[in-house]
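**Student:** Sharing a structure with you now.
Number of protein chains: 2
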Amino acid sequence: MRVGLDVGGTKTLGVAMDDDDRIVAQVRTRTGWGADAVVAGIAAAVAALQDEAGPVRSVGVGIPGQIDAGRVTHALNLGIDDLDLLAALASVVAAPVAVENDVKAAALGADALRGRAGSLAYLNLGTGVAAGIVSDGRLRRGGRGAAGEVGHISIDPAGPECRCGQRGCIEALAGGAALADRWGRPGEFPVRDLFDAADAGDPHAASLRTGAVRAVASAAQVLVLTTDVDVVVLGGGLTGLGERIAGPVREELNSRACASDFLRSLRLDERVTLLPAGSPAAALGAALVGAASAPEEVHTHG
Amino acid sequence: MRVGLDVGGTKTLGVAMDDDDRIVAQVRTRTGWGADAVVAGIAAAVAALQDEAGPVRSVGVGIPGQIDAGRVTHALNLGIDDLDLLAALASVVAAPVAVENDVKAAALGADALRGRAGSLAYLNLGTGVAAGIVSDGRLRRGGRGAAGEVGHISIDPAGPECRCGQRGCIEALAGGAALADRWGRPGEFPVRDLFDAADAGDPHAASLRTGAVRAVASAAQVLVLTTDVDVVVLGGGLTGLGERIAGPVREELNSRACASDFLRSLRLDERVTLLPAGSPAAALGAALVGAASAPEEVHTHG
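Line by line, the protein sequences give chains A and B. full-length UniProt numbering puts the first residue of the first sequence at 1, with every later residue one more than the last. full-length UniProt numbering puts the first residue of the second sequence at 1, with every later residue one more than the last.
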């Protein structure tokens, strides 16, 4: 079995994949806080999948933050500032391990779920906003790994301040953390509350919602006008809102196309899709990353 | 010899390239208006290069407009609405011919001039604004050829109307045609006049120049944050202004980096370079496209 893990801020999802890339087992655990708890949680999830599905040949870990040769930095949601995850897992996981950024892993998983046809951008609408770009089955990282960082493109010089220091960034308008901040009312899923309030006629909520929808539409437009991916797959926490977010984004793109022959020719609205609810794209992608970097088993014939 | 042609709105530049990709001859002619004149001009340039440099093995044509299987559409600067250029050239040019969009050809040429190392975006600042993206020596076209169309990304919802129908597009702020239009005083090179007037303290000119510089900086930022190319090479008519445009663009990127740790880590200002003045990047790239699509000569040994 090849194992893939999606280590999120609150939960860790693990899958075991057979030789035909089919998911044959899943586990879901709470993610602990800080480096030690995250490492222990990964080891426990791998052990649970091994108990259920048999010997583990490789492990891939999708995790937030910047990843460089198995080292995780700036995974603030997990309480990790700097951790050599590959070294830390070497003593507690027997199989070969690979580590990938969670959004990039999800992009690979989304591509596999689509049958690896053509190209896609996976646009993650979570605490922050970032994309992973895949074409011909390969992740396009760029020279220094910054490919897909569309969250920090400004689309309005008069827009709200972004935590990155610029104004009017896509993430400042559509990121879950920025929206919750500007909404200002605590709750388990503040963006859902905000959308509910907008539906109920609250003008502040309606204005935040409009800004978020426009920013997601701009992110999709930017991705197509730079990389011309066949589809933009929306995923991440905000897509728990389903068509309540995807529908208005398509309408916004459609209304831009009505004003512009050039945009109409690109059929942006038709290229935006939602990752199916509950789809374990990041865990699946992580399993593929782990499998690809593990040494091939030696098969002896005859 | 492999021939490459850059068919521009006013002049056509032709180069002949030897087997080591060195340019051994150049011709420069006025481009005629309309399909017949353009076809005749191409044939004459090929003949002139053959006279000078010897038998022509392949011809590549870089030309504005949308290119699909040798068909050129929307090359409005040339007076061409729809022309099957490949078919038209078959009867007047003896060698195999390939046709490519001029910006994409220039991107390939700029990449060859840089020694085909890593990745680049060639950002053309001409009548319009568009980029060609090359990595690992290959043009990245995307699924439908729209990769690099950064001119029609809006960076300001309150910005000027673009000919594409949107507001605040990069091209509406930094395209030569849009700038000349908003400057409103005819001249041979209106954007130079505008920059001169800005230097002399004209507030309207200064405001147009500021908008143009910011838009070019945003185009570079968008290209790096989506594709993470190693360098953004500025070319096209506006770069006749040399450091008068490139300098302020780097300053703008540097000032954005001062406000944002994230942007600073990307070193955007250091990634922006100018195509050397007089560099025949588009003609060279067209020659490479022609050579690549021509059948290999059969070499018999012994």
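Built from N, CA and C at the ideal position, the CB exists for glycine as well. Since the model is a prediction, treat every value here as computed from it, not as a measurement.
#1: Just verifying my parser: in three-state terms, what is the DSSP assignment at B/Gln-221?
#2: Use the C-beta contact count for A/Thr-10: other C-beta atoms within 10 angstroms, 16 or more gives buried, fewer gives exposed.
#3: Show which residues of chain A have a CB atom less than 8 Å away from the CB atom of B/Val-150.
#4: Leaving out five residues before and five after A/Ala-282 in sequence, what residues of the same chain have Cβ atoms less than 7 Å from its Cβ?
#5: Give a yes or no on whether the C-beta atoms belonging to A/Asp-21 and B/Gly-142 are separated by under 7 Å.
#6: For a contact meaning CB atoms closer than 7 Å, what does B/Ser-260 contact in chain A?
#7: Determine the closest residue to B/Leu-253 out of A/Ile-153, A/Phe-262 and A/Ala-246, with distance taken between C-alpha atoms.
#8: At the level of alpha carbons, what is the spacing between B/Ala-158 and A/Pro-248?
#9: Step through the CB atoms of chain A and report whether any lies within less than 7 Å of the CB of B/Ile-170.
#10: Do three or more CB pairs link the segment 45-57 of chain A to the segment 14-28 of chain A at distances below 8 Å?
#11: If you compare alpha carbons, which of B/Leu-49, B/Pro-276, B/Arg-271 and B/Arg-264 is closest to B/Leu-241?
#12: Could you pull out every residue in the same chain whose Cβ sits closer than 7 Å to the Cβ of B/Gly-302, ignoring the five residues on either side in sequence?
#13: To the nearest angstrom, how far is it from the Cα of A/Ala-257 to the Cα of B/Cys-162?
#14: Would DSSP call A/Gly-176 helix, strand or coil?
#15: Mind checking B/Thr-300: buried by the 16 CB within 10 Å criterion, or exposed?
#16: Reducing DSSP to helix, strand and coil, say where B/Glu-251 ends up.
#17: Could you tell me the alpha carbon to alpha carbon distance between B/Val-150 and B/Leu-85, rounded to whole angstroms?
#18: Tell me whether A/Arg-138 sits in a helix, a strand or coil according to DSSP, three-state version.
#19: Between A/Asp-156 and chain B, is the shortest Cβ-Cβ distance under 7 Å, so that the two count as touching?
#20: Do the CB positions of A/Leu-123 and A/Ala-48 come within less than 7 Å of each other?
#21: Taking 7 Å as the CB-CB limit, is A/Asp-269 close to chain B?
#22: Would A/Leu-120 and A/Val-134 be called neighbours here (beta carbons separated by less than 7 Å)?
#23: With a threshold of 7 Å between beta-carbons, can A/Ser-119 be considered close to chain B, or not?
#24: Taking 7 Å as the threshold (beta carbon to beta carbon), is B/Gly-142 in contact with chain A?
#25: Can you look up B/Glu-52 in the DSSP assignment and give me helix, strand or coil?
#26: Where does B/Ser-293 fall in DSSP's three states?
#27: Quick one: measure Cβ to Cβ for B/Ala-174 and B/Ala-130, integer angstroms, because I've assumed they're closer than 8 Å.
#28: Evaluate B/Arg-140 with the Cβ neighbour count: other Cβ atoms within 10 Å of its Cβ, from every protein chain shown; 16 or more gives buried, anything less gives exposed.
#29: If I measure Cβ to Cβ from A/Leu-268 and keep anything under 7 Å in the same chain, skipping five residues before and after, which residues do I get?
#30: Taking a cut of 7 Å between CB atoms, which residues from the segment 230-243 of chain A lie near chain B?
#31: Quick one: what does DSSP say B/Leu-288 is sitting in, helix, strand or coil?
#32: Quickly, what does DSSP pair B/Leu-5 with across the bridge? List them, please.
#33: Please report the distance separating the alpha-carbon of A/Thr-239 from that of B/Val-93.
#34: Let me see if you follow: with CB-CB separation under 7 Å, is A/Ala-147 close to chain B or not?
#35: On the three-state DSSP scale, how would you describe B/Glu-188?
#36: Note the first and the last residue of the continuous beta strand (DSSP E) segment covering B/Arg-25.
**Tutor:** Here's the rundown:
#1: Correct three-state label for B/Gln-221: helix.
#2: A/Thr-10 should be labelled exposed.
#3: Within 8 Å Cβ-Cβ: Leu-225 and Thr-226.
#4: Around A/Ala-282, the same chain offers Asp-6, Gly-62, Asp-102, Ala-105, Ala-106 and Gly-109 as residues with beta carbons nearer than 7 Å, after the five sequence neighbours per side are excluded.
#5: Their beta carbons are not under 7 Å apart, which means A/Asp-21 does not touch B/Gly-142 by this criterion.
#6: Below the 7 Å Cβ cutoff, chain A contributes Cys-164, Gly-165 and Gln-166 as neighbours of B/Ser-260, in chain order.
#7: The residue with the shortest Cα to Cα distance from B/Leu-253 is A/Ile-153.
#8: One C-alpha to the other measures close to 21 Å.
#9: No, its Cβ sits nowhere closer than 7 Å to a Cβ of chain A.
#10: The segment 45-57 of chain A is in contact with the segment 14-28 of chain A.
#11: Shortest Cα-Cα distance from B/Leu-241 to any of B/Leu-49, B/Pro-276, B/Arg-271 and B/Arg-264 involves B/Pro-276.
#12: With a pLDDT of 40 at B/Gly-302, under the threshold of 50, the modelled position of this residue cannot be trusted; read the value that follows with caution. Here the set comprises nothing.
#13: Taking the straight line from one Cα to the other gives about 13 Å.
#14: Residue state, collapsed to three classes: helix.
#15: Bear in mind that a pLDDT of 46 at B/Thr-300, under 50, signals an unreliable position, so the model cannot answer this.
#16: It is helical.
#17: The straight-line gap separating the alpha-carbon atoms of B/Val-150 and B/Leu-85 is approximately 26 Å.
#18: Strand, per DSSP.
#19: The Cβ of A/Asp-156 sits closer than 7 Å to at least one Cβ of chain B.
#20: No, these two residues do not count as a Cβ contact at 7 Å.
#21: By this cut-off, A/Asp-269 is not an interface position.
#22: A contact, by the Cβ cut-off of 7 Å.
#23: For A/Ser-119, the answer is yes, since a Cβ of chain B falls inside 7 Å of its Cβ.
#24: Yes, because at least one Cβ of chain A sits closer than 7 Å to the Cβ of B/Gly-142.
#25: B/Glu-52 sits in a helix when the DSSP states are folded into three classes.
#26: Taken through DSSP and simplified to helix, strand or coil, B/Ser-293 comes out as helix.
#27: 11 Å between Cβ atoms; not a contact.
#28: It counts as buried.
#29: Closer than 7 Å at Cβ, skipping near neighbours: Ala-220, Gln-221, Val-224, Leu-253 and Ala-257.
#30: So the list reads Asp-230, given in the order they occur along the chain.
#31: Here B/Leu-288 sits in helix by DSSP.
#32: In DSSP, B/Leu-5 forms a bridge with B/Gly-14 and B/Val-61.
#33: A/Thr-239 and B/Val-93 have their C-alpha atoms roughly 56 Å apart.
#34: Yes, because at least one Cβ of chain B sits closer than 7 Å to the Cβ of A/Ala-147.
#35: Of the three classes helix, strand and coil, the one that applies to B/Glu-188 here is coil, per DSSP.
#36: Looking at the sequence provided, one finds Ala at residue 25 of chain B rather than Arg. In the DSSP assignment, B/Ala-25 falls within the unbroken beta strand (DSSP E) covering 23-30.
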